[in-house]
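Following: one structure in structure tokens, then a few remarks.
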Amino acid sequence: MDRHAGYELLLVLLSVTVFFAYHLWLFWGRSFVTRHRKGHFNIWETNKAARQVWAEDVAQDSRDALQTYGIQTLRNAITASSFLATTCALIAVQGLLPVLFDVTRIARIDQLRKSDPITHGATIMNSTWKIAIAELTIWFSFLCFTQSIRMMVHLGFLLKVVASPLNKGKFFTIEEVVALSLRATIMFTAGLRAFYAFLPLIAWLFGPTAMFVSTVLLVFSLYITDSIPKEPLWQLPESYRKAQDDIEAQAVKASGSSSSNASHLHRRHK
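Heads up: the sequence shown begins at 0 in numbering that gives the first Met the number 0, then just goes up one per residue.
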């Protein structure tokens, strides 16, 4: 291995370390975020807890016999997962697979790799293997999204039968609903994070420098979006607060009008 190829190995290892270290911190260092970033909330932790409460609430909701709200939410989630799974399949089958068996395109990628400012085209792995790794990553993302769809489809049936009087002996429990909901969340998140990892792998085809830069930019953008500040209402713009006040006033007015109409109809009935 020459010196420039060693530089590629170093940049690739740094990219992989940065990506996985961030996600280890995100998923297992949530208490650190809570303690040291006051006024912020972690999207992963918040959504995980919200899904647990949502699953329990929908399963126990006796006001909606048809579970309209729960089915609507599941339909939206399945639509999102289906779109992402379809995107992954198209990238894998129509995007990467033809390139993998096209010698001309591989040679063109090898020429582009020579423009790397650090390695100058030296590599520890040929472009075919790099594309194969990207292909496996996007297929892993596809499988995660399809598993998320599968679990949400099963969840739609469980939501209805848990509170049903026909569920004698409580054979179907709320704990199963919550567990299935959380597992669907984990699979969706894993698919999305694998999709993110696919981007630096594609950049690797243009050289390890592009891979490292794209990884740093990706992790930085994820760091900003994965932890969001909770802005107090008094810090929001005046126009927003005025709109909130108008909405509340209209709600009170509508409530009063409904009460007056009901009283009027009651007197007419008498």
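Positions of the beta carbon are idealized from the N, C-alpha and C atoms, including for glycine.
Please state whether DSSP places THR180 in a helix, a strand or coil. In the sequence on display, residue 180 carries Ser and not Thr. Per DSSP, reduced to three states, the secondary structure at SER180 is helical.
In this structure, does DSSP put SER226 in helix, strand or coil? Note: SER226 maps to strand in three-state DSSP.
Can you give me the C-alpha to C-alpha distance between PRO164 and PHE170, rounded to a whole angstrom? Cα to Cα, PRO164 sits roughly 11 Å from PHE170.
DSSP beta-bridge partners of ASN46: Secondary-structure assignment with DSSP links ASN46 through no beta bridge to anything.
Residue range of the alpha helix (DSSP H) that GLN71 falls in? 67-89 is the extent of the alpha helix (DSSP H) around GLN71.
Kindly list the residues whose CB is nearer than 7 Å to the CB of ALA193, restricted to its own chain and excluding five residues on each side of it in sequence; keep chain order. Close CB contacts of ALA193 within its chain, under the 7 Å cut and outside five residues either way in sequence, are with THR136, PHE139, SER140, CYS143 (chain order).
So, does the stretch 207-223 touch the stretch 171-185, judging by three or more C-beta pairs under 8 Å? Of all C-beta pairs linking the stretch 207-223 to the stretch 171-185, fewer than three are shorter than 8 Å, placing the two stretches out of contact.
Is the beta carbon of LEU73 sitting closer than 8 Å to the one on GLY190? The beta carbons of LEU73 and GLY190 sit no closer together than 8 Å.
Pick out whichever of ILE246, ALA178, ASN125, ARG2 has its Cα sitting closest to the Cα of MET151. MET151 has its Cα closest to that of ALA178, out of ILE246, ALA178, ASN125, ARG2.
So PHE18 is in the alpha helix (DSSP H); what residue range does that whole segment cover? That run of the alpha helix (DSSP H) goes 2-27.
For LEU200, which residues from the same chain have a beta carbon less than 8 Å from its beta carbon, with the 5 sequence-adjacent residues on both sides left out? The beta carbon of LEU200 sits closer than 8 Å to those of LYS129, ILE132, ALA133, THR136, MET210, all from its chain and outside the five residues before and after it, given in chain order.
On the DSSP bridge list, what partners appear for ASN41? Its beta-bridge partners are SER226.
How about ALA196 and PHE18: are their beta carbons less than 8 Å apart? Less than 8 Å separates the beta-carbon of ALA196 from that of PHE18.
Same chain, Cβ closer than 6 Å to ASN46, neighbours up to 5 away in sequence not counted: Cβ neighbours of ASN46 beyond the five flanking positions: none.
Under 8 Å between the Cβ atoms of VAL57 and GLY69? Yes, these two residues count as a Cβ contact at 8 Å.
Hey, would you say ALA84 sits closer than 8 Å to ILE42, going by beta carbons? Not a contact, by the Cβ cut-off of 8 Å.
For LYS252, does the three-state DSSP call read helix, strand or coil? When DSSP states are grouped into helix, strand and coil, LYS252 belongs to the helix group.
Would you say THR118 and GLY206 are within 8 Å of each other, going by their C-beta atoms? Against a cut-off of 8 Å, the Cβ pair of GLY206 and THR118 comes out as a contact.
When the Cα atoms are used, what is the spatial distance from CYS87 to ASP245? Straight-line Cα distance between these residues: approximately 45 Å.
Beta-carbon within less than 8 Å of ILE173's beta-carbon, same chain only, minus the 5 sequence neighbours each way: which residues are those? Within the same chain, and ignoring the five residues on either side of ILE173 in sequence, the residues whose Cβ sits closer than 8 Å to its Cβ are ALA54, GLU55, ALA58, GLN59, VAL161.
Got a sec? Which residues, its chain only, sit under 8 Å from TYR6 by beta carbon, not counting five neighbours each side? Excluding sequence neighbours, TYR6 sits near ILE117, THR118, ALA121, PRO207.
Around the C-beta of ILE223, are 16 or more other C-beta atoms found within 10 angstroms, so that it is buried, or is it exposed? So ILE223 counts as exposed.
Neighbourhood of ARG112 by C-beta distance below 6 Å, restricted to the same chain and skipping five residues each side: Correct list, in chain order: GLY120, GLY206.
With distances taken Cα to Cα, identify the nearest neighbour of TRP27 among HIS3, THR78, VAL102, GLU44. Nearest in C-alpha terms to TRP27, of all of HIS3, THR78, VAL102, GLU44, is GLU44.
In the DSSP assignment, find the alpha helix (DSSP H) that holds LEU99 and state where it starts and stops. It spans 96-99 - the alpha helix (DSSP H) in which LEU99 sits, taken as one unbroken run.
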